[in-house]
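Q:
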Amino acid sequence: MNIFIVGICGKMGRALTEQALAHGVTVTGGLDRDSSALYPVFTRADDVNVPFDVIIDFSRPQTLPKVCALAEARRCPCVLATTGYSEKEEEQIAALSKSVPVFKSANMSIGVQALAYLTEKAARILNGFDIEIVERHHNQKEDAPSGTAKMLCSAAEKGLPYAPKYAFGREGIAPREKNEIGVHAVRGGTEAGTHEVCFYGHDESLILTHRATNRTVFADGALRAARFLLAQDAGLYGMHDLLAATFG
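Using this note's numbering, the first residue of the sequence shown is number -7, and each one after it goes up by one.
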């Protein structure tokens, strides 16, 4: 399988190129603002002249038009591992999925998918507990809260008998309201990504934690998603589809 990486010179782009060999995958080039001595790097989608089977995008939402143009021109699958898309960009992704297979997930880690599953179950069981979600990332991450934190909010909602209100951080006089979920973003250093879903009850608490100590876990998930897409028809897919195909 040949892959083309959008954001190839970034942190995740480098992690992907390092993990590709272990997965029997060949990197044929990438799209980025910088250059690379190892692979052909292009700044414009129209200039891309290397072969590839799947596009993997670990860049920024602003790059989406270039990604869509390239995927449509080559009629090839696309893995979108970027977060922070606007409503208009989500519509562009949905339109792209009508012509090519598109895999989109806020987090490519299988462990995070397990966390989301457990969050839903815990919210259902611990009805009446206060819920707080804390996410920690490196100091270069732009969107807050993280796409994964939003995914965990959705997972908790599925297990709750009510529609929660959200408090994105607290300041000043801000007592906790009934049926509220607090969401907090921490940014610092080189933190790869930690997410905690905290359930606080009367005299007891439960904290579910996922901690990524290396970006390779996200690269591995993206490469699995790319191979999964090769066997799919046009449509929009996510981690639940990959896990169903892998584990049944």
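We put the CB at the ideal spot given by N, CA and C, even for glycine.
1. Is I(-3) buried or exposed, if buried means 16 or more other CB atoms sit within 10 Å of its CB?
2. Taking V19 as the reference, give the member of V33, M143 and R25 with the closest Cα.
3. Name the two residues that bound the continuous alpha helix (DSSP H) containing E163.
4. Quickly, what does DSSP pair P93 with across the bridge? List them, please.
5. So what's V104 in DSSP terms, helix, strand or just coil?
6. So the candidates are H202, G76 and C145; which of them puts its Cα closest to the Cα of F160?
7. Would a C-beta distance cut-off of 9 Å place S91 and L72 closer than the cut-off?
8. Grouping DSSP H, G and I as helix and E and B as strand, with all else coil, what is K157?
9. When you compare the region 113 to 130 with the region 178 to 198, are there three or more beta-carbon pairs, one atom per stretch, that lie closer than 8 Å?
10. Output the boundary residues of the alpha helix (DSSP H) element that contains R216.
11. For a test of the three-state rule: what should DSSP assign to G233, helix, strand or coil?
12. Is DSSP giving F239 helix, strand or coil here?
A: Concretely, from the data shown:
1. For the purposes of this step, residue -3 is taken as the residue at position 5 of the sequence shown. Answer is buried; the Cβ neighbour count reaches 16.
2. In the sequence shown, counting from the first residue as 1, residue 19 sits at position 27. Measuring from the Cα of V19, the nearest candidate turns out to be V33.
3. By 1-based counting over the sequence shown, the position of residue 163 is 171. Per DSSP, E163 belongs to no alpha helix (DSSP H) and is neither H nor E.
4. For the purposes of this step, residue 93 is taken as residue 101 along the sequence shown, with counting starting at 1. Note: P93 sits in a beta bridge opposite G227.
5. Translated into positions along the sequence shown, residue 104 becomes position 112. V104 falls in the helix class under three-state DSSP.
6. Reading the sequence shown from its first residue, position 168 is the one you call residue 160. Out of H202, G76 and C145, C145 has the C-alpha closest to the C-alpha of F160.
7. Numbered from 1 along the sequence shown, position 99 holds the residue referred to as residue 91. Numbered from 1 along the sequence shown, position 80 holds the residue referred to as residue 72. Taking 9 Å as the Cβ cut-off, S91 and L72 do not qualify as a contacting pair.
8. Here residue 157 is taken as the residue at index 165 of the sequence shown, counted from 1. It is a strand residue.
9. yes
10. Within the sequence shown, numbered from 1, the residue matching residue 216 stands at position 224. For R216, the enclosing alpha helix (DSSP H) has its first and last residue at T208 to L221.
11. The residue labelled residue 233 in the question sits at position 241 within the sequence shown. The residue asked about is misnamed: residue 233 is Asp in this sequence, not Gly. Of the three classes helix, strand and coil, the one that applies to D233 here is helix, per DSSP.
12. What you label residue 239 is simply residue 247 of the sequence shown in a count that begins at 1. Reduced to three states, the DSSP call for F239 is helix.
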